[in-house]
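All remarks here apply to the structure that follows.
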Amino acid sequence: NVATNAGGMRAVRYGVTRNQVLGLQAVLGTGEVIRTGGKFVKATSGYDLTQTIIGSEGTLAIATEATLRLHPRLPHGSTVLIPFPTLQEVAAAIPKIIGAGLQPTILEYIDFITMGAITASAGLDLGVPDEVKDAAMAYLVVVLENRTADRVEQDAEELGELVTELGALDLYVLPSSSGAALIEAREKAFWTAKALNADDIIDLVVPRAAIPQYLDQVQAIAAETGSLVVGCGHAGDGNVHLSVFQGDVAVRKDAVGRILAAGVDLGGAVSGEHGIGHAKKAYLAATEDPTKIDLMRRIKSAFDPAGILNPGVIFD
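So the number in our numbering is just where the residue sits in the sequence shown, counting from 1, plus 1052.
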């Protein structure tokens, strides 16, 4: 998690890994051991090496210890499933929910193909009538949590009024066991896609307000390239996960490149939480400012002058 600055479903409320890490112990490529940060929430003492190491994918240092910020578990919660007739309406609802002042712990979008796959894989029946399933092209999954049950109920009512105005087909407050099972199934969506032989998995982030436009562009690219592109995402923070089904390698490479470039053009980045690794090096080089890439190379050289830590990751 530290190496990739992982996020996950609860990042919409609590932030990503870097928001939880106060300090690190790490081993540099030279073998030197350093400590960064500490058990305090603020400091202005030179460069913030903690944040530099987080998300560096093991290319700068090996983190051996982390000092973490902890959050109390909220005692009351509800999982709300909201079907929409179009993916565009789902996407348009996301910034509206955040803008309304609701503070969901989880805010996910799932298209109908992915929802069918993950619920079938988990053997999960959410109690949605067949006529609603047939009409729903996408869903929002919203987890509301708070210190009191009354506040959770109030937030659910406010959410229901809002999404009804935004075109939702219905709203289902799931039993706690079904809600937990759905969240677990959503967490396994990546592996479900792999089991269904997805040819590529895309992890990308765009500004929340750009999600509707971005998903429109993705479907246009899918149609133009004859690809099936489906998915879900951490809608509350703009992190989109897409599964690409396209057997022709050249066509798939073109489609993936265009999908990533479309997100960057809207102010996004080619990875939200999975990192660059080896697979996305070319896409990073094609979309990122060369001056920034050069600066990252120099930082890498300072931390790991012999280039022994995760060689070939992020850039050559």
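All C-beta atoms, glycine included, are put in the ideal place defined by N, C-alpha and C.
(request) Starting from GLN1077, follow the beta strand (DSSP E) in both directions and report where the run begins and ends. (result) As a first step, residue 1077 must be located in the sequence shown, where it is residue number 25. Residues 1073 to 1080.
(message) Please tell me whether GLY1324 and GLY1290 are closer than 9 Å, where the distance is taken between their beta carbons.
(response) Taking the first residue of the sequence shown as position 1, residue 1324 is located at position 272. Taking the first residue of the sequence shown as position 1, residue 1290 is located at position 238. Yes, they are a contact pair.
(request) Give me whichever residues DSSP pairs with THR1088 in a beta bridge. (result) Reading the sequence shown from its first residue, position 36 is the one you call residue 1088. Residue pairing for THR1088: DSSP places it in a beta bridge opposite LEU1076.
(request) From the DSSP output, read off the bridge partner residues of HIS1326. (result) For the purposes of this step, residue 1326 is taken as residue 274 along the sequence shown, with counting starting at 1. Under the DSSP definition of a beta bridge, HIS1326 lacks any partner.
(request) Would you mind reading off the limits of the beta strand (DSSP E) that contains THR1096? (result) As a working note, residue 1096 is residue 44 in the sequence shown. If you look at THR1096, you'll find it isn't in any beta strand (DSSP E); DSSP assigns it neither H nor E.
(message) Tell me the rounded alpha-carbon separation between ALA1261 and ALA1358.
(response) On the sequence shown, residue 1261 is found 209 positions in, with the first residue counted as 1. On the sequence shown, residue 1358 is found 306 positions in, with the first residue counted as 1. Cα-Cα distance, rounded: 43 Å.
(request) Write down every uninterrupted run of the alpha helix (DSSP H) in the region 1112 to 1171 whose length is 4 residues or greater and which is fully enclosed by it, in chain order. (result) DSSP runs (the alpha helix (DSSP H)) wholly in the region 1112 to 1171: 1139 to 1151.
(request) Would you give the residue range spanned by the alpha helix (DSSP H) that GLY1315 belongs to? (result) Along the sequence shown, one-based indexing puts residue 1315 at 263. For GLY1315, the enclosing alpha helix (DSSP H) has its first and last residue at 1301 to 1317.
(request) Tell me, please, which residues DSSP counts as bridged to LEU1192. (result) Position 140 of the sequence shown, counted from the start, is the residue given in the question as residue 1192. According to DSSP, which records beta bridges pairwise, LEU1192 is partnered with ILE1134 and TYR1161.
(request) Check each candidate in THR1343, ALA1275, ASP1300 and GLY1153 and name the one with the smallest Cα separation from ALA1250. (result) Within the sequence shown, the letter at position 198 stands for residue 1250. Of the candidates THR1343, ALA1275, ASP1300 and GLY1153, the one whose C-alpha sits nearest the C-alpha of ALA1250 is ASP1300.
(message) Spatial neighbours of TYR1224 within its chain, please: C-beta separation below 6 Å, excluding the five flanking residues on both sides.
(response) Taking the first residue of the sequence shown as position 1, residue 1224 is located at position 172. Shown here for TYR1224: same chain residues with a beta carbon closer than 6 Å to its own, the five before and five after excluded, namely LEU1133 in chain order.
(message) Taking the alpha carbon of ASN1071 as the reference point, which residue from GLY1060, GLY1364 and LYS1333 has its own alpha carbon closest?
(response) Sequence index remark: in the sequence shown, residue 1071 carries index 19 (1-based). Sorting GLY1060, GLY1364 and LYS1333 by C-alpha distance to the C-alpha of ASN1071 places GLY1060 at the top.
(message) Contact defined as beta carbons within less than 8 Å: I believe THR1111 pairs with GLY1089. What is the distance between those atoms, to the nearest angstrom?
(response) Within the sequence shown, residue 1111 is the residue found at index 59, counting from 1. Within the sequence shown, residue 1089 is the residue found at index 37, counting from 1. The C-beta separation of THR1111 from GLY1089 comes to about 20 Å, leaving the pair out of contact by the 8 Å criterion.
(request) Report all residues from its chain with a CB closer than 7 Å to the CB of THR1244; omit the five preceding and five following residues, and keep chain order. (result) The count along the sequence shown starts at 1 and reaches residue 1244 at position 192. ALA1169, ILE1170 and SER1173.
(request) For the alpha helix (DSSP H) holding GLY1212, just list the boundary residues, first then last. (result) As a first step, residue 1212 must be located in the sequence shown, where it is residue number 160. Note, GLY1212: alpha helix (DSSP H), 1201 to 1217.
(message) Going residue by residue through the region 1233 to 1306, where are the continuous alpha helix (DSSP H) segments of at least 4 residues, counting only ones entirely within it?
(response) Fully enclosed alpha helix (DSSP H) runs of 4 or longer: 1241 to 1247 and 1263 to 1277.
(message) So the candidates are ALA1287, ASP1268, VAL1303 and TYR1335; which of them puts its Cα closest to the Cα of SER1279?
(response) Reading the sequence shown from its first residue, position 227 is the one you call residue 1279. Comparing Cα positions, the closest option is VAL1303.
(request) Can you check DSSP and say which residues form a bridge with ASN1198? (result) Residue numbering aside, residue 1198 sits at position 146 when the sequence shown is read from its first letter. Residue pairing from DSSP places ASN1198 in a beta bridge opposite HIS1128.
(message) Quick test of the definition: if touching needs 3 or more C-beta pairs under 8 Å, does the region 1203 to 1218 touch the region 1146 to 1162?
(response) Taking 8 Å as the limit for Cβ pairs, the verdict is that the region 1146 to 1162 does touch the region 1203 to 1218.
(message) Using a Cβ-Cβ cutoff of less than 7 Å, which residues in the same chain neighbour THR1277 once the five nearest sequence positions on both sides are dropped?
(response) Working through the sequence shown from its first residue, we reach residue 1277 at position 225. When the five nearest sequence neighbours on each side are left out, the beta carbons in the same chain lying within less than 7 Å of the beta carbon of THR1277 are those of GLN1298, VAL1303, ASP1306 and ALA1307, in order along the chain.
(request) Identify the continuous beta strand (DSSP E) that holds VAL1225 and give its terminal residues. (result) Counting from 1 along the sequence shown, the entry for residue 1225 is found at position 173. 1224 to 1226 is the extent of the beta strand (DSSP E) around VAL1225.
(request) Just grab the DSSP bridge partners of ALA1354 for me. (result) Taking the sequence shown and counting its residues from 1, the one referred to as residue 1354 is at position 302. For ALA1354, which the question treats as bridged, DSSP gives no partner whatsoever.
(request) Kindly indicate which residue of GLU1141, LYS1148, LEU1159 and VAL1292 has the alpha-carbon position closest to the one of ALA1220. (result) Numbered from its first residue, the sequence shown carries residue 1220 at position 168. When each option's Cα is compared against that of ALA1220, the closest is GLU1141.
(request) Count the other C-beta atoms from every protein chain shown that fall within 10 angstroms of the C-beta of GLU1209, then say buried if there are 16 or more, exposed otherwise. (result) For the purposes of this step, residue 1209 is taken as the residue at position 157 of the sequence shown. When all chains shown are included, GLU1209 counts as exposed.
(message) Using the three-state DSSP reduction, which class does ALA1334 fall into: helix, strand or coil?
(response) The residue given as residue 1334 occupies position 282 in the sequence shown. Note: ALA1334 maps to helix in three-state DSSP.
(request) May I ask you to verify whether the region 1157 to 1166 touches the region 1185 to 1202, counting CB pairs closer than 8 Å and requiring at least 3? (result) In this structure the region 1157 to 1166 lies against the region 1185 to 1202, because at least three pairs of beta carbons, one per stretch, are closer than 8 Å.
(message) On a Cα-Cα basis, can you pick out the residue from LEU1312, GLU1117 and ASP1177 that is closest to ASP1252?
(response) The sequence position of residue 1252 within the sequence shown is 200, counting from 1. Per the Cα distances, LEU1312.
(request) Less than 8 Å between the CB atoms is what I'm expecting for GLY1320 and PRO1259, so what's the real figure, rounded? (result) To locate residue 1320, count along the sequence shown from 1; it is residue 268. To locate residue 1259, count along the sequence shown from 1; it is residue 207. Your pair GLY1320 and PRO1259 checks out as a contact, with CB atoms roughly 7 Å apart and the cut at 8 Å.
(message) Using DSSP's beta-bridge definition, name the partner residues of ALA1055.
(response) The sequence position of residue 1055 within the sequence shown is 3, counting from 1. Partner(s): none; ALA1055 has no beta bridge.
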